[in-house]
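Colleague:
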Amino acid sequence: MQHLKRFLLTTALFLVACVGTDFIAEPAMTVPARIVIAPTNTAVEVGKTTGFQAVYYDNQGIQIPDVALQWSSSDPNIASIDTTGQASGHDTGQTKITARARGVTSGAAILTVVANPNQVARVVVVPDSGNIGIG
Numbered sequence: 260m261q262h263l264k265r266f267l268l269t270t271a272l273f274l275v276a277c278v279g280t281d282f283i284a285e286p287a288m289t290v291p292a293r294i295v296i297a298p299t300n301t302a303v304e305v306g307k308t309t310g311f312q313a314v315y316y317d318n319q320g321i322q323i324p325d326v327a328l329q330w331s332s333s334d335p336n337i338a339s340i341d342t343t344g345q346a347s348g349h350d351t352g353q354t355k356i357t358a359r360a361r362g363v364t365s366g367a368a369i370l371t372v373v374a375n376p377n378q379v380a381r382v383v384v385v386p387d388s389g390n391i392g393i394g
C-alpha cells in the first residue's frame, strides 16, 4: 500500500510539473523598410509649384509619422524640391522626384514641367463591359 501511495504521489507530481505554457521564440516577420511617394506622376507649369507627400514604413510595415525626409530631383534645372515636398518647375521637361530617410530611398515619382497647361493630356480607358469572354 505504501508503494502505491508513493507511486501515485510521484506520478501526480510529475504530471503537475509538465503542465504549463511552452514558449517558442519565433522570429518576427520583417519586410524591407520603404517610403511611398504620392502622387507618382504629375505635372506643373514653369514657374509654379506642386506638392508631394511621402510615408515611411518600417521593417514591420508600420507607418512611422514625422520622419525627416530628404527630397531630391534628378534634374534640378527642370524642377527643384524643398524640404517640405514642394516642387517648383523651372524649365520644360521631366525629372524624377525621390525621398530618402533612415537609409531608405523611395521609388521615383515623375514630375513633368510644361510651359502651357494645355500640353498635359490625361487619358482614361474605360471598358465597354466588366465581363471577359472565355477562350
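Residues 260 to 394 in this note's numbering are what the sequence shown lists, from first letter to last.
C-beta: ideal position from N, C-alpha, C; glycine also.
Are W330 and G344 touching if we call contact CB-CB under 7 Å?
Modeller: In this structure, G344 lies closer than 7 Å to W330 by Cβ.
Colleague: Quick one: any contact between the segment 333-349 and the segment 315-324, if contact means 3 or more CB pairs under 8 Å?
Modeller: Not touching, per the Cβ criterion.
Colleague: Closest by CA to G306, which one among N377, Q378, V372, V385?
Modeller: The shortest C-alpha separation from G306 is found at V372.
Colleague: Quick check: what's the CA-CA separation for A327 versus I393?
Modeller: Approximately 51 Å between the Cα atoms of the pair.
Colleague: Compute the distance between the beta-carbons of I294 and A367, then report whether it is under 7 Å.
Modeller: It is not a contact, given that the beta carbons lie outside the stated cut-off.
Colleague: I need the boundaries of the beta strand (DSSP E) containing A327, first residue and last residue.
Modeller: Segment: none, A327 is in no beta strand (DSSP E) and carries neither H nor E.
Colleague: Please state whether DSSP places N336 in a helix, a strand or coil.
Modeller: It is coil, neither helix nor strand.
Colleague: Starting from V314, follow the beta strand (DSSP E) in both directions and report where the run begins and ends.
Modeller: That run of the beta strand (DSSP E) goes 312-316.
Colleague: Measuring CB to CB, does A374 end up less than 7 Å from T351?
Modeller: Closer than 7 Å, so yes.
Colleague: Quick check on V303: buried or exposed, where buried means 16 or more other Cβ atoms within 10 Å of its Cβ?
Modeller: With 16 or more other Cβ atoms within 10 Å, it is buried.
Colleague: Please report how far the alpha carbon of P386 lies from the alpha carbon of G362, in whole angstroms.
Modeller: Approximately 42 Å, taken between the alpha carbons.
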